[in-house]
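Trainee: Here's a structure for you.
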Amino acid sequence: MESYDVVIVGAGIAGTGLAYNLKQICPEIKVLVIEQYGVGSHAGYGYRNTYGNVIEGYNLPYVKKFKGLILQAKNHLKEESIKLEIKLDVPFYLVNYKEICKSLFERSGVKYSNDTCIKTLGKNKVLTKKGIYLFKFLVDCSGSNFFIRREKRLKMPYCYWVCKKIEKFPTVESGDYFTYIVTSDGGLKEQYPLGEEMIVAEWKFESCINPHHKKIPGLVIPCNPSTPMVMGNIAFLGDSFGNATTSAGEGIRPILETSKLLAKCIKEENLQKYPKLWNKIFLKTYLKHLATRLNQKDKIKQLEMLKEDPRSILKILRCEHVDKETIKKFPKTTLLINGLNYAALLAKHKLYEKSEFLKFQN
Numbered sequence: 013m014e015s016y017d018v019v020i021v022g023a024g025i026a027g028t029g030l031a032y033n034l035k036q037i038c039p040e041i042k043v044l045v046i047e048q049y050g051v052g053s054h055a056g057y058g059y060r061n062t063y064g065n066v067i068e069g070y071n072l073p074y075v076k077k078f079k080g081l082i083l084q085a086k087n088h089l090k091e092e093s094i095k096l097e098i099k100l101d102v103p104f105y106l107v108n109y110k111e112i113c114k115s116l117f118e119r120s121g122v123k124y125s126n127d128t129c130i131k132t133l134g135k136n137k138v139l140t141k142k143g144i145y146l147f148k149f150l151v152d153c154s155g156s157n158f159f160i161r162r163e164k165r166l167k168m169p170y171c172y173w174v175c176k177k178i179e180k181f182p183t184v185e186s187g188d189y190f191t192y193i194v195t196s197d198g199g200l201k202e203q204y205p206l207g208e209e210m211i212v213a214e215w216k217f218e219s220c221i222n223p224h225h226k227k228i229p230g231l232v233i234p235c236n237p238s239t240p241m242v243m244g245n246i247a248f249l250g251d252s253f254g255n256a257t258t259s260a261g262e263g264i265r266p267i268l269e270t271s272k273l274l275a276k277c278i279k280e281e282n283l284q285k286y287p288k289l290w291n292k293i294f295l296k297t298y299l300k301h302l303a304t305r306l307n308q309k310d311k312i313k314q315l316e317m318l319k320e321d322p323r324s325i326l327k328i329l330r331c332e333h334v335d336k337e338t339i340k341k342f343p344k345t346t347l348l349i350n351g352l353n354y355a356a357l358l359a360k361h362k363l364y365e366k367s368e369f370l371k372f373q374n
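The opening position of the sequence shown corresponds to residue 13 in the working numbering, with each subsequent residue numbered one higher.
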C-alpha cells in the first residue's frame with residue numbers, strides 16, 4: 013500500500029496548480045495526483061484570459077497576447093445595436109487551459125495515477141479502482157461535482173455561469189483586441205480573433221435554489237461565494253467555492269492564488285487555517301463582485317458612468333477593490349440595490365456554510 017503526504021484528486025487547474033505550488037513551497041513532501049480522464053481534461057471550456065503577472069510568475073505558455081479588449085454592452089446577446097463600447101488598452105494573455113495544466117504538472121514532478129477514486133476509508137485512506145492509498149492530507153480538486161461531495165451527499169453550489177455555445181469560425185482577422193460583450197439580462201459573449209479562426213463563446217449567469225433538482229446543460233462554472241471547506245485532513249480546492257468569477261481578466265489567477273494559500277497551510281500542517289485565510293483575503297471582494305452580477309439591469313448604466321474611467325473598469329474586471337470616489341459616481345438606487353444584494357449574499361453564504369458544516373458533522 014503506497015503512502016503519500018498529500019493525495020490530490022483531479023488534474024485540472026486546481027489540482028495541477030496545487031501540485032506545482034506544493035513543490036515550490038515544500039519540495040520535500042511526497043505528492044500523488046489521481047485523475048481518471050487525463051491532465052487538463054476538464055479545465056474549463058478550453059480558453060481563458062489572464063494577466064502578465066500570472067504568465068510571468070508561473071512561466072506559463074500562452075496562445076496569444078492581446079493589446080487590450082473592446083468591452084461592449086447590449087440589452088440582449090442577439091440584439092444588433094450596441095448600447096455602449098469601451099476600448100481598454102491593457103495586455104491580456106489568452107491561454108489554453110489544457111496546456112497550462114500540463115505545464116504546471118510536468119514542472120511539479122509529482123507522481124501521477126490514471127485512476128478513479130471510489131471512496132475514503134477511515135481518516136487516512138482512499139480506495140480507487142486500482143488500489144488503496146494512504147495519505148496525510150487529501151485535497152479534492154475534482155470539479156464542481158466534487159468526489160467528496162458525492163460521497164458525503166453534500167449540497168452543490170447555487171450560482172453558475174452556464175456555457176450556452178462555443179463555436180470556431182474560419183477568419184483572416186488577426187486583431188490585437190478581443191471583444192467582451194455583457195448584457196442587461198445576464199448574458200456574456202467572448203470573441204477571440206486568432207488569425208486563422210475566431211473563437212466565440214456565449215455564457216449566461218444563472219442562480220439555482222436547489223441545484224440537485226435542476227439539470228444544467230452545457231459547461232458550467234460555479235461562482236457562489238462559499239468558503240473552501242475543510243473536513244479534518246481533507247480540503248477542497250476549485251471553482252465551486254467561487255474562485256472563478258468569470259470576468260474578462262480573471263481566468264486562472266484566483267485558483268492559482270488559492271492553491272498557493274492552501275500549499276502554505278499544508279506546509280504548516282494546519283488545514284483549519286485555510287478557510288479562515290481565504291475568507292479574510294477573498295470573501296468580501298467576491299461578495300461585492302457577485303452583488304453587482306445580480307443587478308444585471310443596471311449593468312449598462314454602471315458602465316456608462318465609468319466610460320471615462322478605464323482604470324476603475326479594469327479593477328472591476330479583475331475583481332479588485334474600487335475606491336470610494338468611484339463608487340460615489342453611481343446613482344443612489346444602484347448603490348442601494350447592490351448593497352441589498354451584498355447583505356442577502358452574506359446571509360445566504362453564512363446559512364450555506366452552516367448547513368455544509370452540519371452535514372460534515374453528521
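Idealized CB from N, CA, C, for every residue including glycine.
Going by the beta-carbon positions, is the gap between residue 17 and residue 137 smaller than 7 Å?
Mentor: no
Trainee: Taking residue 154 as part of the alpha helix (DSSP H), name the residues at either end of that continuous run.
Mentor: First-last for residue 154: undefined, no H or E at that position.
Trainee: Are residue 245 and residue 304 closer than 7 Å when you measure CB to CB?
Mentor: 7 Å or more divides the Cβ of residue 245 from the Cβ of residue 304.
Trainee: Nearest to residue 47 by alpha carbon, out of 129, 297, 172, 353?
Mentor: Considering only 129, 297, 172, 353, the residue with the shortest C-alpha distance to residue 47 is 129.
Trainee: Count the other CB atoms within 10 Å of the CB of residue 255; is the residue buried (16 or more) or exposed (fewer)?
Mentor: Because residue 255 sits at a pLDDT of 47, beneath the cut-off of 50, its placement in the model cannot be relied upon, and the following sentence gives the value as read from the coordinates. Buried is the call here.
Trainee: Looking at the unbroken beta strand (DSSP E) that takes in residue 21, where does it start and where does it end?
Mentor: 14-21
Trainee: Between which two residues does the alpha helix (DSSP H) carrying residue 317 extend?
Mentor: 311-317
Trainee: With DSSP run on the structure shown, which of helix, strand or coil describes residue 162?
Mentor: The answer is helix: DSSP assigns residue 162 an H, G or I state.
Trainee: Check each candidate in 187, 345, 23 and name the one with the smallest Cα separation from residue 158.
Mentor: 23
Trainee: Report the rounded CA-to-CA distance for residue 141 versus residue 133, giving the unit in angstroms.
Mentor: 13 Å
Trainee: So, for residue 319: in the same chain, excluding its five sequence neighbours on each side, which residues have a beta-carbon less than 6 Å away from its beta-carbon?
Mentor: Taking C-beta separations shorter than 6 Å and ignoring five residues to either side along the sequence, the partners of residue 319 in its chain run 98, following chain order.
Trainee: Given a threshold of 16 other Cβ atoms within 10 Å of its Cβ, counted over all protein chains shown, does residue 352 qualify as buried or as exposed?
Mentor: exposed
Trainee: Tell me which residues share the same chain as residue 259 and place their Cβ nearer than 8 Å to its Cβ, disregarding the 5 neighbours each side in the sequence.
Mentor: Unreliable positioning characterises residue 259 in this predicted model, as indicated by a pLDDT of 47, which lies under 50. A coordinate reading is not provided.
Trainee: Pull up the distance between the alpha-carbon of residue 94 and that of residue 106, whole angstroms please.
Mentor: 25 Å
Trainee: Helix, strand or coil for residue 92? Go by DSSP, reduced to three states.
Mentor: coil
Trainee: What whole-angstrom Cβ distance do residue 199 and residue 88 have, given they're in contact under 8 Å?
Mentor: 7 Å
Trainee: Since residue 74 is in the beta strand (DSSP E), which residue starts that stretch and which ends it?
Mentor: Note, residue 74: premise wrong, no beta strand (DSSP E); not H, not E.
Trainee: Taking all protein chains shown into account, decide if residue 15 is buried (16 or more other Cβ within 10 angstroms of its Cβ) or exposed.
Mentor: Sixteen is the threshold: since fewer than 16 other Cβ atoms of the shown chains lie within 10 Å of the Cβ of residue 15, the residue is exposed.
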